[in-house]
Amino acid sequence: MPASLRLIAKIGTSSITTSDGRVDLDAVAKLASDVAVVRAAGHEVIVVTSGAITAGVQRLEVERPTEPERLQALSAVGQIDLMASYRELFAAEGMVVGQVLIAPHDFRDRDQYLHARATFHHLLDLGVVPVVNENDAIADDAIRYGDNDRIAALVANLVRADVLILLTDMPGVLTADPNIDPEASLISEILEVSPSLQAAAGSANAVGSGGMASKLAAARMASWSGVRTVIASARRPDVVADAAAARPGVGTTVPARDARVSARKLWIGFAVAARGSVTVDNGARRAVSAGGKSLLAAGVVGHEGSFAAGEAVDIIDPQGETFAKGLAAIDAEGLRATAGLRSDQLPEGLHPLVVHRDDLVVLG
1 MPASLRLIAK IGTSSITTSD GRVDLDAVAK LASDVAVVRA AGHEVIVVTS GAITAGVQRL
61 EVERPTEPER LQALSAVGQI DLMASYRELF AAEGMVVGQV LIAPHDFRDR DQYLHARATF
121 HHLLDLGVVP VVNENDAIAD DAIRYGDNDR IAALVANLVR ADVLILLTDM PGVLTADPNI
181 DPEASLISEI LEVSPSLQAA AGSANAVGSG GMASKLAAAR MASWSGVRTV IASARRPDVV
241 ADAAAARPGV GTTVPARDAR VSARKLWIGF AVAARGSVTV DNGARRAVSA GGKSLLAAGV
301 VGHEGSFAAG EAVDIIDPQG ETFAKGLAAI DAEGLRATAG LRSDQLPEGL HPLVVHRDDL
361 VVLG
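If you want it as structure tokens, here you go:
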């Protein structure tokens with residue numbers, strides 16, 4: 001293992017929740033012990049945790065609701081109990097924790113991005129273990145699918161981590177659902193996480209807001225950030241140390257890509273939902289993919305959705321493949337009037353720009 005690594009360890013709700021829906025203090029204590037081992041070896045660790053809503057349900061002794069607003073209210077209550085557990089159990093291992101509440105849109109604004117990065121650096125310099133959770137209580141788009149998995153990948157990009165460790169209740173990514181196929185085996189490495197693989201991994205589980213599909217989505221994000229990802233069982237002994245050291249058999253590894261994308265482009269490409277799509281011709285695809293150009297109206301052959309300027313859109317080639325994503329510089333109504341037209345053909349007052357290259361990320 002290198003002399004010093006910066007690690008992100010994310011643990012999901014299903015891994016810190018008992019069968020009767022309570023926060024599993026033994027699981028949090030094990031995580032604290034695992035983190036203490038790698039910190040003693042000279043590595044830095046940031047923890048991303050789920051479980052605030054579960055803790056809120058436990059504290060108020062209510063049934064878990066489905067309404068987003070009530071889930072947010074429960075998270076506000078549960079966050080206090082969850083962090084109290086982290087404080088006590090990490091202190092037993094000689095560590096001090098600091099709470100950081102964050103949401104994906106915090107990465108869109110450059111000033112917020114720089115402030116968040118400085119906060120993490122100061123906490124690490126002080127020897128504190130940052131414990132990150134989504135700011136569920138005031139998130140304007142409610143409790144989103146795979147939130148903390150995506151946040152863990154965004155934080156990995158933000159702090160230029162070396163390894164992202166996604167701790168779950170499974171040993172890693174399996175060849176099939178073990179509940180259906182008892183012969184399902186562990187996939188030790190996935191060189192490239194494709195959208196089809198994410199879809200095959202299934203949807204959210206019954207307890208948390210994530211699932212294996214969201215783990216793979218986060219691994220893809222981290223890979224694009226130059227960060228190696230390991231998806232492994234939270235119950236495995238010494239899982240954090242073994243994942244950091246890249247020991248064989250520790251879950252599923254997704255290697256880092258050679259090239260990094262910026263945090264803002266990572267946010268555009270993976271963390272914000274597309275509000276529509278724009279289909280382009282082959283010439284526009286080449287200009288965007290190979291030439292690094294902005295998308296102009298002349299290359300647009302169609303679009304779907306009722307998106308506004310500044311909202312994200314998928315960019316699709318004539319074969320139906322989504323190869324890029326970006327923030328629209330024009331709304332759907334304006335694009336309807338300009339699609340397919342060269343600059344000299346546009347009505348007066350209309351601009352040819354559809355997506356600026358600074359607001360666009362090529363995905364394939």
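One point on numbering: in this note's numbering, the residue at position 194 of the sequence shown is 194, and numbering is uninterrupted.
Glycine included, C-beta positions come from ideal geometry on N, C-alpha and C.
For a test of the three-state rule: what should DSSP assign to residue i, helix, strand or coil?
{"i": "V35", "result": "helix"}
{"i": "E189", "result": "strand"}
{"i": "E134", "result": "strand"}
{"i": "L335", "result": "helix"}
{"i": "G364", "result": "coil"}
{"i": "V261", "result": "coil"}
{"i": "S194", "result": "coil"}
{"i": "V62", "result": "coil"}
{"i": "T18", "result": "coil"}
{"i": "V57", "result": "helix"}
{"i": "V97", "result": "strand"}
{"i": "V23", "result": "strand"}
{"i": "V250", "result": "coil"}
{"i": "I180", "result": "coil"}
Just grab the DSSP bridge partners of residue i for me.
{"i": "D365", "result": "Given a span of 1 to 364 for the chain in the structure shown, any question on residue 365 remains unanswerable."}
{"i": "V355", "result": "L295"}
{"i": "H303", "result": "V278"}
{"i": "I102", "result": "E134"}
{"i": "N41", "result": "Sequence inspection shows Ala at residue 41; the Asn mentioned does not correspond to that position. None; A41 has no bridge partner."}
{"i": "V163", "result": "L7 and R228"}
{"i": "L174", "result": "L186"}
{"i": "V47", "result": "A9 and V131"}
{"i": "S233", "result": "T168"}
In whole angstroms, give me the CA-to-CA distance for residue i and residue j.
{"i": "L124", "j": "V97", "result": "10 Å"}
{"i": "M170", "j": "P248", "result": "16 Å"}
{"i": "S223", "j": "H121", "result": "22 Å"}
{"i": "L197", "j": "S214", "result": "11 Å"}
{"i": "N282", "j": "G349", "result": "27 Å"}
{"i": "L114", "j": "R160", "result": "13 Å"}
{"i": "T17", "j": "V28", "result": "10 Å"}
{"i": "D149", "j": "G340", "result": "39 Å"}
{"i": "S343", "j": "H351", "result": "8 Å"}
{"i": "G292", "j": "D359", "result": "11 Å"}
{"i": "L346", "j": "R357", "result": "21 Å"}
{"i": "E88", "j": "M95", "result": "9 Å"}
{"i": "G51", "j": "L82", "result": "7 Å"}
{"i": "T13", "j": "G334", "result": "43 Å"}
{"i": "R336", "j": "L353", "result": "13 Å"}
{"i": "L126", "j": "T54", "result": "30 Å"}
{"i": "S188", "j": "S194", "result": "16 Å"}
{"i": "V100", "j": "Q79", "result": "11 Å"}
Just to check my reading of the structure: residue i and residue j have Cβ atoms closer than 8 Å, yes? What is that Cβ distance to the nearest angstrom?
{"i": "V132", "j": "V48", "result": "4 Å"}
{"i": "F107", "j": "W267", "result": "4 Å"}
{"i": "S75", "j": "G56", "result": "6 Å"}
{"i": "L7", "j": "I190", "result": "Not a contact, Cβ separation roughly 20 Å."}
{"i": "E93", "j": "S33", "result": "6 Å"}
{"i": "T322", "j": "L363", "result": "7 Å"}
{"i": "R260", "j": "S225", "result": "6 Å"}
{"i": "I315", "j": "A329", "result": "That belief does not hold up - the Cβ atoms of I315 and A329 are roughly 13 Å apart, past 8 Å."}
{"i": "I46", "j": "L31", "result": "The Cβ separation is near 13 Å, so there is no contact."}
The region 211–219 contacting the region 16–23, beta-carbon criterion three pairs below 8 Å: no
The region 302–313 contacting the region 270–278, beta-carbon criterion three pairs below 8 Å: yes
At least 3 beta-carbon pairs within less than 8 Å: the region 172–184 vs the region 9–21: no
Given 8 Å, three or more beta-carbon pairs between the region 220–232 and the region 148–160: yes
Cβ contact check for the region 284–293 and the region 238–254: 3 or more pairs under 8 Å: no
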